[in-house]
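This report refers to the structure that appears directly beneath it.
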Amino acid sequence: MRRVTIFGATGSIGESTVDLIARDPDGYEVVALTGGRNVGRLAEQAKALNAGLAVTAFDEGYAPLKEALAGTGIEVAAGQDALIEAATRSADWTMSAIVGAAGLLPGLEALKQGNTLALANKESLVTAGPLLMAQARAHDATVLPVDSEHSAVFQALVGEDINAVERIIITASGGAFRDWPDEALKKATLKDACTHPNWDMGQRITIDSASLFNKAMELIETREFFGVPADRIETVIHPESLIHALVGFADGALMAHLGPPDMRHAIGYALHWPDRGHVPVDRLDLAQIGQLNFRRADPARYPALRLAREVMEAGGLAGAVFTAAKEAALDAFIAQHIGFLDMAGVVDATLTTLSGEIAASGDLSLDSVIAADHLARKTADTHIAALR
Ligand code: NDP
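In numbering that gives the first Met the number 0, the protein residues as written are 0 to 387.
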C-alpha cells in the first residue's frame, strides 16, 4: 500500500486526484488531506478515503471540520502550522495542489522526506524554483510535474539526453478570449473570463488562462523544471488542447504528447510513475478529430508573455515579485476593482517599481522570497489603488 497525502484536496486538481485514488481503495493509505474554506467537502473526502488526518488551512474551519468528522477517528487540525505539520507526516507520494504561493511552504517541507512530490502548484516553481529544486536534490526527493504541459515534456524526455534538446514548445488553448478582437478585451468581465473553452479548472487558473498569465507562469516553470535556457522555450496557440507540449531535438525531430483535456491524465502519470498504469480518461479518436490547429501567440496581445520573458532574464527574486503581483492583481479583478487588461499593467508596474530590489537579489533564500512576496503584494496594492 502506498501512503499518499493531498494538499489542496478540495480543489479541481485535488478532486481529480481523489477520484483516481478512490478507484483503488486497496492500493493507497491516505495519510492526510488538506483543504481551505470548503470544510464540508474536505470532511466528505476524508470519510470516503478513510484519511488519517484532515487539515483546513484556516483556523475558523476547525470547529465545523471537527464536528463533521466526530466519531470517525479521523484526526482534525487547522491553520498554517497544521499544514506544515501534515507535510512532515511520512508519505510515499504527496500531491501539491494548493493554489497560489501558499503552496510553497508545504511543498518545501514535504520534500524533506526524500519521497515523491507531484507538483501541480506551479507558483512554487515560479516563485522559488531554485530553492524548491535544491531542496529536492538535498533530500534525494523526486519532483514530478503535474501541469499537463510539463508532464508532456517530461514524458517526451524519457530516455532522451537533455543536452540534445533544441527547443521546448508548450501549447496554449488561448483561453476564454482566444477569438475575441483586441478592442473587446477592455470590456471583458469576470464572468466572461471564468469560462474556459476546453478545460474544467479552478476559477483562478481559468482567469489566468484567459490573460495568458497561466502560460507565462508555465514558461518560467519550464525553465525552472528542465533547466533549459529561456530562448529555447516557446509557446504556440493550439485551440484544441490535445497536444500539450512538444520537444524538439538536435536532429530536427519534434516529439509531441497528445491526450484529452483531462487533468487525471497527468495526475495518473505522476501517480503510477515510473510505470504506466490504467488511467480512466477518454481515448482520442484521431479520425474524428480530423485536424489540429496552431497559431502564433502574439506578445503584443498577451503582455503576460513578454513579462515572463523579462522575469526569466532578470532571475533572482523576479519570479516571487511576478507571482505575488499577479495574485494581487487577480484578487482585484475577481473583486471587480480593476479591469481585465489592468492585471498585466499592475504586474508590469510592480516589476518596474521593484526592479532595484530584483537586480540586487543574489542567491535566493526562503526569507528573501517571503520578504519579496510581501513587498510585491504591498506595491501591487498601491498600483491597484491608483486604478480604482
Ligand atoms: P482550486 O482553486 O480549484 O483549488 C485550490 C485548493 O487549494 C483548494 O483545495 C483550496 O481549498 C486550497 N486553498 C486555497 N487557498 C488556500 C490557502 N491559502 N492555503 C491552503 N490551501 C488553500 O485550484 P486548482 O485545483 O485549479 O489549482 C491548484 C494548483 O494546480 C494551482 O497552482 C494551479 O495553477 C495548478 N494547476 C491546476 C490545473 C487545473 O486543471 N485545475 C492544471 C495545472 C495546474 P478550498 O477550495 O477548500 O478553499
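Beta carbons are placed, not taken as given, at the ideal position from N, Cα and C, and that holds for glycine.
DSSP state of residue i, grouped into three classes?
{"i": "ALA117", "result": "strand"}
{"i": "PRO144", "result": "strand"}
{"i": "ILE73", "result": "coil"}
{"i": "PHE293", "result": "coil"}
{"i": "ILE357", "result": "helix"}
{"i": "ARG282", "result": "coil"}
{"i": "TYR61", "result": "helix"}
{"i": "GLU337", "result": "It should be pointed out that residue 337 corresponds to Ile in this sequence rather than to Glu. Three-state result, ILE337: coil."}
{"i": "GLY102", "result": "helix"}
{"i": "MET94", "result": "strand"}
Can residue i and residue j be called in contact, C-beta distance under 7 Å?
{"i": "ALA265", "j": "VAL145", "result": "yes"}
{"i": "VAL227", "j": "ILE167", "result": "yes"}
{"i": "ALA303", "j": "PHE153", "result": "no"}
{"i": "VAL142", "j": "ALA135", "result": "yes"}
{"i": "HIS336", "j": "ARG387", "result": "yes"}
{"i": "ASN197", "j": "SER240", "result": "yes"}
{"i": "VAL345", "j": "ALA328", "result": "yes"}
{"i": "SER210", "j": "HIS195", "result": "no"}
{"i": "VAL75", "j": "LEU64", "result": "yes"}
{"i": "VAL164", "j": "VAL235", "result": "no"}
{"i": "HIS256", "j": "ALA244", "result": "yes"}
{"i": "SER15", "j": "ARG263", "result": "yes"}
{"i": "VAL280", "j": "ALA319", "result": "no"}
{"i": "GLY34", "j": "THR4", "result": "no"}
{"i": "LEU363", "j": "LEU103", "result": "no"}
{"i": "ARG376", "j": "ALA331", "result": "no"}
{"i": "LEU32", "j": "GLY267", "result": "no"}
{"i": "HIS149", "j": "PHE248", "result": "no"}
{"i": "ILE357", "j": "ALA307", "result": "no"}
Excluding five sequence neighbours on each side, which residues of the same chain lie with their C-beta closer than 7 Å to the C-beta of residue i?
{"i": "CYS193", "result": "GLN202, THR205 and ILE206"}
{"i": "LEU340", "result": "LEU184 and LYS185"}
{"i": "LYS121", "result": "ASP146, MET216, GLU217 and GLU220"}
{"i": "PHE176", "result": "LEU184, ALA187 and ALA209"}
Give me, in chain order, the residues of the same chain whose beta-carbon lies closer than 6 Å to that of residue i; leave out the 5 immediate sequence neighbours on both sides.
{"i": "ASP91", "result": "ARG1, ARG2 and ASN114"}
{"i": "ALA109", "result": "ALA86, THR93 and LEU116"}
{"i": "ALA229", "result": "ARG222 and MET311"}
{"i": "GLU28", "result": "MET0 and ARG2"}
{"i": "LYS214", "result": "ALA171 and THR234"}
{"i": "GLY78", "result": "ASP58"}
{"i": "ASP261", "result": "VAL280"}
Is it buried or exposed for residue i, if we count other Cβ within 10 angstroms and need 16 for buried?
{"i": "GLU159", "result": "exposed"}
{"i": "GLN44", "result": "buried"}
{"i": "SER147", "result": "buried"}
{"i": "SER360", "result": "buried"}
{"i": "HIS277", "result": "exposed"}
{"i": "PHE57", "result": "exposed"}
{"i": "GLU217", "result": "buried"}
{"i": "THR351", "result": "exposed"}
{"i": "GLU182", "result": "exposed"}
{"i": "HIS138", "result": "exposed"}
{"i": "ARG294", "result": "exposed"}
{"i": "GLY289", "result": "exposed"}
{"i": "GLY70", "result": "exposed"}
{"i": "ASP284", "result": "exposed"}
{"i": "LYS325", "result": "buried"}
{"i": "ALA385", "result": "exposed"}
{"i": "PRO273", "result": "exposed"}
{"i": "ASP347", "result": "buried"}
{"i": "PRO105", "result": "buried"}
{"i": "ILE161", "result": "exposed"}
For the putative contact between residue i and residue j, defined by C-beta atoms under 8 Å, what is the C-beta separation to the nearest angstrom?
{"i": "ALA119", "j": "ALA96", "result": "4 Å"}
{"i": "GLY10", "j": "VAL30", "result": "About 18 Å; that fails the 8 Å criterion."}
For residue i, collect the residues of the same chain with a Cβ closer than 8 Å to its Cβ; drop the 5 residues on either side in sequence, then sort them by chain order.
{"i": "SER354", "result": "ALA313"}
{"i": "LEU68", "result": "ALA42, ALA45, LYS46, ALA53 and VAL75"}
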